[in-house]
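All letters in the sequence shown, in the order written, are residues 148 to 219 by the numbering used here.
All C-beta atoms in this analysis are idealised placements derived from N, C-alpha and C, irrespective of residue type, glycine included.
From a predicted model like this one, the values you see are computed outputs, not experimental measurements.
Data block below; observations after.
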Amino acid sequence: ETGRKHQIRLQMAHRGWPVVGDTKYGSSQAFPSGIALHARHLTIEHPTLKTPVTVVAPVPVAWQQWGVTEQG
């Protein structure tokens, strides 16, 4: 596999911190909606304007049953 999500999963597991639900890379815990990997805030540089662009994503609804809130 390739891609950023895969690389994050691999590097976290390599450091001994597998992502919850990621049984491929060593997590022993199940997670009801796949793996517990979510980018709450992401800031990148606009390719032509060279200004920061921030995207904010809400916490997935399925995660709320686990007590995950917008504040963390």
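- The alpha-carbon of Ala186 is positioned some 24 Å away from that of Thr195.
- The count of Cβ pairs closer than 8 Å, one atom from the segment 164-176 and one from the segment 202-210, stays below three, leaving the stretches out of contact.
- Of the residues Val203, Leu189, Tyr172, the one whose Cα lies closest to the Cα of His153 is Tyr172.
- Leaving aside the five residues that flank Leu184 on each side, the residues in its chain whose CB is nearer than 8 Å to its CB run, in chain order, Lys152, Ile155, Arg156, Val166, Asp169.
- Shown here, Ile191 sits in a strand according to DSSP, grouped into three states.
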